[in-house]
Each structure stands twice: as C-alpha cells, then as structure tokens.
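Trainee:
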Amino acid sequence: MYCKLYTIDTLDEWKSIYIEGIPSVDNYNNEWADTGFVVFSGDLPLAKWLAYKNPYHTIESQVYIALGYFASVYEESVMQCLFECTKDHYKPQNIAGFIGPMNGSTWYSYRFKLTGNDPAFFLEPQHPKYYPMLWSQAGFKPNWHYVSAKDIDVQAYVEMGAHRVAALRSENVSIEMASLDEWDNLITDIAEVSLKAFKNNQWYSPISIDRFTTLMAPMKAILKNGQLWLAKQDDRLLAYFFAIPDLLDQRGKTMIVKTIARDPGCSISGMPSAMAYCFMAQCYSLGIEKVIHALMFQDNTSRFISEKFSLQTQSEYALYEWRYPMT
1045 MYCKLYTIDT LDEWKSIYIE GIPSVDNYNN EWADTGFVVF SGDLPLAKWL
1095 AYKNPYHTIE SQVYIALGYF ASVYEESVMQ CLFECTKDHY KPQNIAGFIG
1145 PMNGSTWYSY RFKLTGNDPA FFLEPQHPKY YPMLWSQAGF KPNWHYVSAK
1195 DIDVQAYVEM GAHRVAALRS ENVSIEMASL DEWDNLITDI AEVSLKAFKN
1245 NQWYSPISID RFTTLMAPMK AILKNGQLWL AKQDDRLLAY FFAIPDLLDQ
1295 RGKTMIVKTI ARDPGCSISG MPSAMAYCFM AQCYSLGIEK VIHALMFQDN
1345 TSRFISEKFS LQTQSEYALY EWRYPMT
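Here the numbering used here is used: the first residue of the sequence shown is 1045, the next is one more, and so on.
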C-alpha cells in the first residue's frame, strides 16, 4: 500500500480516479486546490482527498489546510496511510493543522453527518456512515457542531407573522415575499447582505458578487416552489429568509429553511423572526406538513431565531480538526 501525490498540474488525473463503491463527483471546486492524495494497493485506488490551501482558513494567523472530496474504503490502515502522507507533505510548510471535510470553503459542501435516523433531505451531507469513525481513528476531533431540526406544528404560527409585520411598520420596514420574476434584480442585493452577514463566521472566505451569483444560479429553478422573504426599508434590502422545497420528499410536503441573513449594520430588531413567522403561515396555507431548519451552527443567529419554534432535533453534524503537536 502506498500514497501518491498529485500537484496542481496533474489534478485532472486525480479527479479521474474513483474509489470502488463510492459515488463519483462531477464538479469540483478548483479555487485554492493545492495537492491531491490517493492511496493505492497495487493499481487499485482505496482512498483519496483533495487538500486546499485557502488563505482565509486561519486561526490567530495560523494557516489550516482544508481536506475535501474525501472518499475511502472502510479500513483504518488505509486512512492512516492517507493522513500520514498528507501530514508529512505539509509539515515543512509551517501549517498549523487540518480541517474537514470541506471542499475548499464553506460556500461548498462541508461537514460530516453524525446522527439522525430520518430520511436524508435535499442538500444534506450524504456519505458512508463510517467516514466520521475513520477520521476519529486518525486523530481528528469534531470541534465545530451543527444541527438540523424539524417542525411539524406548522399551524401554530399562522397568526404570529401578522403581528410581527405590523410592529415593524413603525420602523418603516416592510416584509414581503418575492416572486421568481424578481430574482435577477434581487440577487445583487442578496449577495451584498450575505457577504456582510457571514463575514465573521468561522472559516468564512470572501467571494465576489459575481461568484456568489454564479453559485446561487441553480437555486433560481428550485425557488419556483420555494419562498424568498425580504425585509426592506425604502427599497433597501435589510434582511432575507430563503427556503426551498425538499426535492427528496416525493409527497412535496416538506420545506427546508436554507438561509436567514440580515445586514449587521442595521439595528432594527425582529426582522428575521417576522419573516420566519410569515414563512410558516404561508407553508400552512400550502399544505406543508414539515419544515426543516437545516445545518445550523450551534452558536449562530439562525439557530437562535429557529429556537423560537417548536423544533425537534433531526440530525447532528460536525467539522473536524487536527493540529500538529506544539514543538
């Protein structure tokens, strides 16, 4: 068994290597991709991941390598070989440690699912159940935690939205649901609010508005059956609430709360919760039976807002870390 490295010039070859039994990936994030690693037994690939040297992945100026697009057979020795090779490669480069799984940045897929027996929902991380165990056996620790929670009492919030909306009118703030026809005109404002709202999140990487627009483009079609709520003052976007249908629910009775964001420079309170209540009332009118508040970081504002609802924890997730020993 041996590990082979693929430099930036040979990453296309790395991408063409598949691990038997693991679904292939069609589109990779190339930004900040640094080195690919593959463990072979003879000519048979057993495990792989792609290391990213993202300049924004730092803690107290110490740089971390993100490890993404992980695929492996269920064998501890294979994982050890992959990780030892990676550690040896980066140790001379003054790297503090590694985080993962993360496909280059938080704008792409990251986190392992740790618990949860409910059926998978659309855009939820999906991977073999043994992956977190392999990382733990290699010495990684789950240091950042996330949760998805479900609300099946949709009717309870029908009256609340109207009261919150009325209260915000005194601040000259309107709460409204956008139509799909407005998407192209709204996306720049949504991008600006998002980049301000998320910039203090752990592992945040800034991107251009054009890049944000490109990443969000697939959501336009999904939004046809979703909801985009806006909080505006004199036509200025202050906050938004974005929810999409669960495309894996064949009955069409589930919605997923994907993003709640507000301009941190705005001191007006109550906008996200007002949009959330309006959303729930609209769900009730549409016959939605379940709302999933997805992939919330345990310490952030979105979870505090979602905790105003009668939620039941559905699944838990984690982002892992490994640090080089102090010398």
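Positions of the beta carbon are idealized from the N, C-alpha and C atoms, including for glycine. The model shown is predicted, which means the values in this text are computed figures rather than measured ones.
1) Take Ala-1211 and list the residues in its own chain whose beta-carbon comes closer than 7 Å to its own, dropping the five residues that flank it on each side.
2) Taking the alpha-carbon positions, what's the Asp-1087 to Tyr-1046 distance?
3) Are the segment 1124-1135 and the segment 1255-1265 touching, with three or more C-beta to C-beta distances below 8 Å?
4) Count the C-beta pairs between the segment 1288-1296 and the segment 1309-1326 that are closer than 8 Å, then say yes if the count reaches three, no if not.
5) Using a Cβ-Cβ cut-off of 6 Å (strictly less than) and excluding sequence neighbours within five positions of His-1189, which residues of its own chain qualify?
6) What is the C-beta distance between Glu-1333 and Ile-1196, in whole angstroms, given that I count them as a contact (C-beta under 8 Å)?
7) What span of residues does the beta strand (DSSP E) with Ile-1109 cover, start to end?
8) Looking only at C-alpha atoms, which of Phe-1156, Tyr-1100, Leu-1339, Pro-1145 sits nearest to Leu-1111?
9) By the 10 Å Cβ neighbour count, where 16 or more other Cβ atoms means buried, how is Lys-1274 classified, buried or exposed?
10) So, for Gln-1106: in the same chain, excluding its five sequence neighbours on each side, which residues have a beta-carbon less than 7 Å away from its beta-carbon?
11) So who's on the other strand from Leu-1281, going by DSSP bridges?
12) Return the CA-CA distance between Met-1319 and Met-1221, expressed in angstroms with no decimal places.
13) Starting from Gly-1309, trace the alpha helix (DSSP H) both ways and give me its first and last residue.
14) Within the segment 1133-1218, note down every full beta strand (DSSP E) run reaching 3 residues or more, in order along the chain.
15) If you count every other CB in all the chains shown that lies within 10 Å of the CB of Pro-1244, and 16 or more means buried, which is it?
16) Mind checking Gln-1294: buried by the 16 CB within 10 Å criterion, or exposed?
Mentor: The answer reads as follows:
1) Residue 1211 sits at position 167 when you count from the first residue of the sequence shown. Counting only Cβ-Cβ distances below 7 Å, and skipping sequence neighbours, we find Gly-1314.
2) In the sequence shown, residue 1087 corresponds to position 43, counting from 1. In the sequence shown, residue 1046 corresponds to position 2, counting from 1. So the two alpha carbons sit approximately 10 Å from each other.
3) no
4) Taking a cut-off of 8 Å for Cβ pairs, the segment 1288-1296 and the segment 1309-1326 do not touch, as fewer than three such pairs fall below it.
5) By one-based count along the sequence shown, residue 1189 stands at place 145. Same-chain partners within the cutoff: Gln-1342, Ala-1362.
6) In the sequence shown, the residue the question calls residue 1333 occupies position 289. In the sequence shown, the residue the question calls residue 1196 occupies position 152. Taking C-beta atoms under 8 Å as the contact rule, Glu-1333 and Ile-1196 qualify, at a distance of about 7 Å.
7) Locating residue 1109 in the sequence shown gives position 65, where the first residue counts as 1. According to the DSSP assignment, Ile-1109 belongs to the beta strand (DSSP E) that extends over 1106-1116.
8) What you label residue 1111 is simply residue 67 of the sequence shown in a count that begins at 1. Considering only alpha carbons, the answer is Pro-1145.
9) As a first step, residue 1274 must be located in the sequence shown, where it is residue number 230. Per the sequence shown, residue 1274 should be read as Leu rather than Lys. Classification for Leu-1274: buried.
10) Your numbering for residue 1106 matches position 62 in the sequence shown. Once the five neighbours on either side are set aside, the close Cβ partners of Gln-1106 are Ala-1140.
11) The residue you call residue 1281 lines up with position 237 of the sequence shown. Leu-1281 is bridged by DSSP to Lys-1276.
12) Locating residue 1319 in the sequence shown gives position 275, counting from the first residue. Locating residue 1221 in the sequence shown gives position 177, counting from the first residue. Looking at the two C-alpha atoms, the distance is approximately 9 Å.
13) By one-based count along the sequence shown, residue 1309 stands at place 265. Note, Gly-1309: premise wrong, no alpha helix (DSSP H); not H, not E.
14) 1141-1144, 1156-1159, 1185-1195
15) On the sequence shown, residue 1244 is found 200 positions in, with the first residue counted as 1. One point to set straight first is that residue 1244 is Asn, not Pro, in the sequence displayed. Looking at its Cβ environment, which holds fewer than 16 other Cβ atoms inside 10 Å, Asn-1244 is exposed.
16) Taking the first residue of the sequence shown as position 1, residue 1294 is located at position 250. Gln-1294 comes out exposed.
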